[in-house]
Each structure stands twice: as structure tokens, then as C-alpha cells.
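Worksheet: one structure, shown below.
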Amino acid sequence: MSTAIINISSLVTNDPSLGEGPLGLVQDAAVVIDGDRVAWIGESSKAPATDNAVDAGGRAVIPGFVDSHSHLVFAGDRTAEFNARMSGRSYSAGGIRTTVAATRAATDEELEANLTRYLSEALRQGTTTFETKSGYGLTTHDEARALRIAAAHTDEVTYLGAHIVAPEFADDPDGYVSLVTGEMLDACAPHARWVDVFCEKGAFDGDQARAILEAGKRHGLVPRVHANQLGHGPGVQLAVEVGAASADHCTHLTDADVDALAQGTTVATLLPGAEFSTRAQWPDARRLLDAGVTVALSTDCNPGSSFTSSMPFCVALAVRDMGMTPDEAVWSATAGGAAALRRTDIGRLAPGARADLALLDAPSHVHLAYRPGVPLVSAVWRRGVREL
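In my numbering, the protein residues as written are 5 to 392.
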């Protein structure tokens, strides 16, 4: 079945060959979907005949959001921690242990129900592709089951056994690194595409992180790195050196860090929900963009430091507090996220791309930042099927 979405006021394609500027904007546009792919893009008056037609009513269409960093396989709640932090306590990596205890105690069914709840929530806000990680089990059994559960819902699954040192290895961090690079990796690699490490004070240092990422690479996993969130450190430059697809957070950067990202192929994924939820320093997106770094935006949805599944919210934060223009923020939340996942079939709307798109109850994509907090996504197509 083919479907034409016609009478689109402003269409973001992220393909400059199709329209105006870096977003490839097409005015008074139409999109034709055939099966799970985009078949045609152009002026609404020139749309070819199709089996079905949907009148956008003069509203905007954007590619579906690509959320390239989330932690959705977990149990429990950290409301008390958030409340204390908003009352003056600072954020540290240690709070993860609370979620680890709850996750280990949860059944598979409880973990999957929680995951699907947040996926549904994200879909209603226009997210059509998401990456998610393990990291709240920290035993071979719990990490492997988290990845199995995640893999039933997405191809973008990340092994994060190296989230923090497991509590039972508190006095033997090297022993835990051996577990993460050995038995645990053997059990988890078949269910994952990516390997990640939290390279930060209170988690893993540069040497430990390198060993974990290189072990993952030997098992066919592609690196990603939690880098430079809480302070300056080796994470960003390590990410570039090992060929990581993405260095995530990038809040505290030296000039050498920025130069490394600009000269390499690693995407800088910024996670403004974390800064919002921890009252931390905002990443300087403007500095990265001006240096020529590819920037992605993502939610970092997790129960401790960024409990939001809303990509529109992150777009608004990036524009308000991180120096991005509305165009840059929307590109980074769609095409940028695709780049962070090394995907070319998503994050854009062009013939041959996957038919993932969101219809906004607004005449322009700029309204995502202009009207923060307003539920503007009125319809979503994923793989060519209308799901909202």
C-alpha cells in the first residue's frame, strides 16, 4: 500500500539536495510512502497517485527523532535522590547502585513492562528509533537478560557492563574489569551491537575504559563512551582514538578534546536532560558546532540523572541553554542521532530512506523550541505504518 501525506506546510528532509538549507526544507510539500520506505518527496501539487492520502492540513513534518542514548532496562525509582539533589545535594555516579539493586530484584516481565512503557511514551513524542543499554545488572546473568529484553524491541542495543564497578567488587575493581571483559562479555556480546563504558571519576579510569572497549571490539562490538560528564578526563580523546561512534555528554572539554572530535569521526552526543536534572553546567554546543564537530542530541532517559523520554524537550533545552539554533537542534535530534548510530536509512526523509516521520501540530519545526512543553506531535509513522 502507498500513502501520500499532502498539504505539508514545511517538510524537514535533512537532505540539502531536496530543499532549502541544511535541513533540506520543502514548502507546501508532500511525502509518498510505499511499504516501509519513502518513495517520493516534492511539491504537494505534484504528488503522484497513491492508494491512500492523508491531508496534513498545513502542518509541518519532520523525520522521526533518533534517540541514540538511553537506559531503559531498569526497575525502581529514584525520586528521593532527585528531591535531595534539587534541595542542594550534588550528583555523583554512586546513585546508580540504587537502581542496580532494584533491577536485580525485578523479574524479566517487570523489566520488559517498564521498557515498553517508556518506549510508548517516547513514540507519542515522535521518537521512532532508540538505542538502549544494559548497565543496571552488573552480573553476567543480569546484564545478559537486560540485553535480551532490549534486543526484542530495538536493533540498537549497547552492552554497558562497565557502568560502575559492581557493589560486590568495591574492593577489587580490577577483578570487575576482568569480569566485564571476560565471562560477562562472552554472554552479552551476542545480544548487542555496541559496547560502552562510563569513563569518569567514581566509575572507570582511562586505562580500564580502554581495556573494556578493546575487548568489546574483539567481540565485534562498536565502541561508544560516556565521556567528560562530571569533569575533565580522558573519555573524549579515548573515544576518538578507539574509533567510537559517539562520545556522550561532552560537558567538560579542553581545546584538545574539541580538536580531536573535529578531526575524527566520533559524534559528540549531548544530553541536556542530564544537566537539567542535575543542575550541572550545560554542554557548549556552539563551541562544538563552530569547530565542525558533528553533534547529536539525545535524552539519556534513565531513572537517576535524566528521567525524560522527550526529544522535543531536549531540543528546547539545547536551543535555550546550549547555544544551538532551532534548525541545528532539530537536525541533531534526527540526522545527528542517526550519525551517532552510524545509520543512513533514518533521521532523514528522502527516497529510499525508512518512512519514519512525525506530523507536528504546528506550521514549522521551529515550534518545537518556540513552544516548549507543549505536546506538538500529532501523528507518527514508523516503518511506513501510522502508529499514532
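Positions of the beta carbon are idealized from the N, C-alpha and C atoms, including for glycine.
Asked, Found
"Could you tell me whether the region 328-344 touches the region 301-313, using the rule of 3 or more Cβ pairs below 8 Å?", "yes"
"Please look up how many angstroms separate the CB atoms of Gly341 and Asp288, rounded, as I've assumed it's under 8 Å.", "Not confirmed; about 19 Å, so no contact."
"Helix or strand or just coil, what does DSSP make of Asn306?", "strand"
"What's the gap between the Cα of Ala219 and the Cα of Tyr163?", "12 Å"
"For Gly141, count neighbouring Cβ atoms within 10 angstroms of its own Cβ and tell me buried if that reaches 16, exposed if not.", "buried"
"Only counting runs of 4 or more residues, tell me where the alpha helix (DSSP H) segments fall wholly within the region 248-284, in order along the chain.", "259-267, 276-282"
"Within the continuous beta strand (DSSP E) that includes Val161, where are the two ends?", "161-166"
"Output needed for Asn104: all residues of its chain with C-beta closer than 6 Å, excluding positions within five of it in sequence on either side, in chain order.", "Note that residue 104 is Val in the sequence shown here, rather than Asn. Hits under 6 Å: Tyr140, Leu142."
"Could you check what DSSP says for Val229 in three-state terms: helix, strand or coil?", "strand"
"Given 8 Å as the limit, is there contact between the region 359-367 and the region 64-73, that is, 3 or more CB pairs closer than that?", "yes"
"What are the start and end residues of the beta strand (DSSP E) that includes Gln241?", "Unbroken run through Gln241 is the alpha helix (DSSP H), 239-245; no beta strand (DSSP E)."
"Which residues share a DSSP beta bridge with Ile12?", "Ala33, Arg63"
"Leaving out five residues on either side along the sequence, give the residues of the same chain with a beta carbon under 6 Å from the beta carbon of Leu292.", "Ala272, Val299"
"Within this structure, are the beta carbons of His230 and His256 separated by less than 8 Å?", "no"
"Return yes when the Cβ of Ala243 is within less than 8 Å of the Cβ of Thr269, no when it is not.", "no"
"What three-state label does DSSP hand Ile350 in the structure shown?", "coil"
"Can you name, in chain order, every residue of its own chain whose Cβ lies under 8 Å from the Cβ of His412, other than the five neighbours on each side?", "Absent from the structure is residue 412, since the part of the chain shown begins at 5 and ends at 392."
"On the three-state DSSP scale, how would you describe Ala383?", "strand"
"Can you give the Cα-Cα distance for Ser124 and Asp71, rounded to whole angstroms?", "13 Å"
"Quick check on this structure: which residue in Glu204, Ala88, Pro276 has the alpha carbon closest to the alpha carbon of His236?", "Glu204"
"Where does Glu279 land, buried or exposed, given buried means 16+ other C-beta within 10 angstroms?", "buried"
"Take the Cβ of Lys50 as the centre, count every other Cβ of all protein chains shown within 10 Å, and call the residue buried at 16 or more, exposed below.", "exposed"
"Where does Gly46 sit, in a helix, a strand or coil, going by DSSP?", "strand"
"Can you grab the Cα-Cα spacing for the pair Arg283 / Thr7, in whole Å?", "45 Å"
"Could you check where the beta strand (DSSP E) with Ala322 kicks off and where it finishes?", "Looking at the DSSP string, Ala322 is not in any beta strand (DSSP E); the run it does join, the alpha helix (DSSP H), is 315-325."
"Between Gly165 and Ser138, is the Cβ-Cβ spacing less than 8 Å?", "yes"
"Just the Cα atoms here: how many angstroms apart are Val169 and Ala53?", "58 Å"
"Could you tell me the distance, in whole angstroms, from the CA atom of Asp209 to the CA atom of Glu47?", "53 Å"
"Taking the alpha-carbon of Asp325 as reference, which of Ala339, Met5, Leu380, Pro376 has the nearest alpha-carbon?", "Pro376"
"8 Å is my cut-off, CB to CB: does Ser91 come that close to chain D?", "Absence of chain D from the displayed structure is noted, only one protein chain being present."
"Within this structure, are the beta carbons of Met5 and Asp55 separated by less than 8 Å?", "yes"
"Is the beta carbon of Val35 less than 8 Å from the beta carbon of Leu353?", "yes"
"Using a threshold of 8 Å, state whether the C-beta atoms of His75 and Leu119 are closer than that.", "no"
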